[in-house]
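Working notes, beginning with the structure itself.
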Amino acid sequence: MKLTILTAISGLAVLVFIFELVRRRQLREKYAVLWGVVGIVVIPLALFPSVLNPLSRAIGVASGVSLVLFLAVVFLLVVCIHLSWEVSRLEEETRTLAEDIALLRTELRERVNQ
């Protein structure tokens, strides 16, 4: 029972924290939706953990808790891959902008020296 309450409180804390980050404009909306869904899913699963037992038995997983843990790991893996993609894209954009600035500075120096 204590774990159920603790998990529900954690889900609620995630929602409050995400809302506060969006309010302060420190988290973009596309990520806020993602983490908001996580918080919304965690709360009912925390309050009613046996809901996933029939699904886990149908899939062949030992218990609903094991299924939730597996899905959480898969979810975090997908988030890590997405963030790696975003970082790669931003690095390429930053490199392109640095090259453009270097070319503009060179052109400006040539015009000033003429």
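For the record, in the sequence shown the residue sitting at position 108 is 108 according to my numbering, with numbers rising by one throughout.
Using N, Cα and C, we set each Cβ at its ideal position, and we do this for glycine too.
Distance from the CA atom of L52 to the CA atom of E29, rounded to whole angstroms, is 29 angstroms. If you check the CB distance, V74 and L67 do not come in under 8 angstroms.
Under the DSSP assignment, L71 falls in the alpha helix (DSSP H) whose first and last residues are 64-113.
In terms of CA proximity to Y31, L15 leads the group L15, I43, L45.
The beta carbon of G11 sits closer than 7 angstroms to those of G39, V42, I43, A46, all from its chain and outside the five residues before and after it, given in chain order.
Contact annotation: S50 and S56 have beta-carbon atoms that are not nearer than 8 angstroms. In this structure, the alpha-carbon of V65 lies about 49 angstroms from that of A98. The C-beta separation of I18 from L27 comes to about 7 angstroms, placing the pair in contact by the 8 angstroms criterion.
The beta carbon of T96 sits closer than 7 angstroms to none of the beta carbons in its chain outside the five residues before and after it. For R57, the secondary structure class from DSSP, reduced to helix, strand or coil, is helix.
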